[in-house]
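To keep things clear, I will list the structure first and then write my remarks on it.
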Amino acid sequence: MIDSKKTLELLFDLISNFTKTISDFSEAEKLKTMEFYIVMYIGLKGPQKMSNLAKHFSTTKSNITNIVDNLEKKSYVERLRTKEDRRIILITLTKKGEKVFSETVKNFKLLFNDFISKVSKEDFEIISKGFYKIIDIYNSSGSD
C-alpha cells in the first residue's frame, strides 16, 4: 500500500530542495518564498491581475497585495494599466525581476542537465510519463 504521508514528505522535500537549488544566487536569495514564486509565475505565465495571482496561490487578494507591494518596493515588479481598459492593472516584471527569472531558468537548465546525465534514458522516460500523468489527473479534476 502507498503511504500518502511518506509520499507527501518526499514531494515536499523535492520541491523545497529544488526551489533552494534553482534560486541559489544572490538576487533570488533576497526574496521570501512567496515573493520568489510570484516572480517565477509572472515570468512563466506573463503579466497577471492580482485576482489571478490570489486564485493561483490560493490566498486572499489582500495577502497578494501585500506581497506585490513588497516586490514593487524592492523593484522586482511594477503595476501597469492596460491600454484596452485603464481600470485593469497587470503585475509585470521589471528588469530586476526579469534578471531573477532568467537566472533561475539558467540554474534550472544546469540542474536539469545534471539530472538527466545521471539517469538512464528509460528511467527518465518513466519519470517524465509519471509527471505528465500527475498533471493530467490534476488538470482533469478541475484544478488550476
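In this text, residue positions in the sequence shown follow our numbering: the first is 1157, and each later residue adds one. For each residue, glycine too, the CB sits at the ideal point set by N, CA and C.
Quick check: the Cα distance between residue i and residue j, rounded to an integer number of angstroms?
| i | j | result |
| --- | --- | --- |
| K1281 | L1167 | One detail in the question is off: residue 1281 reads as Glu in this sequence, not Lys. Going from the Cα of E1281 to the Cα of L1167 covers about 19 angstroms. |
| T1314 | Y1232 | With the chain covering 1157 to 1300 only, the question about residue 1314 has no answer from this structure. |
| F1271 | Y1288 | 18 angstroms |
| Y1193 | K1277 | 30 angstroms |
| K1162 | L1170 | 12 angstroms |
| F1213 | L1164 | 19 angstroms |
| R1242 | K1274 | 51 angstroms |
| K1229 | N1295 | 35 angstroms |
| T1177 | T1238 | 35 angstroms |
| V1195 | L1209 | 11 angstroms |
| E1240 | E1254 | 24 angstroms |
| T1215 | M1190 | 11 angstroms |
Which stretch, first to last residue, makes up the alpha helix (DSSP H) that contains residue i?
| i | result |
| --- | --- |
| E1185 | 1182-1185 |
| I1158 | Premise fails: I1158 is in no alpha helix (DSSP H) and is neither H nor E. |
| G1286 | 1277-1296 |
| K1229 | 1217-1229 |
| S1179 | Taken as a continuous stretch (DSSP letters only), S1179 belongs to no alpha helix (DSSP H), as it is neither H nor E. |
Measure the Cβ-Cβ separation of residue i and residue j and say whether it is below 8 angstroms.
| i | j | result |
| --- | --- | --- |
| T1248 | I1198 | yes |
| K1205 | L1246 | yes |
Could you check what DSSP says for residue i in three-state terms: helix, strand or coil?
| i | result |
| --- | --- |
| E1240 | coil |
Over what stretch of residues does the beta strand (DSSP E) that includes residue i continue unbroken?
| i | result |
| --- | --- |
| T1248 | 1245-1249 |
Review point. Would you call the stretch 1254-1265 and the stretch 1169-1187 touching, i.e. three or more CB-CB distances under 8 angstroms?
Key: yes
**Study point:** Three or more C-beta pairs below 8 angstroms linking the stretch 1211-1222 and the stretch 1233-1240
**Key:** no
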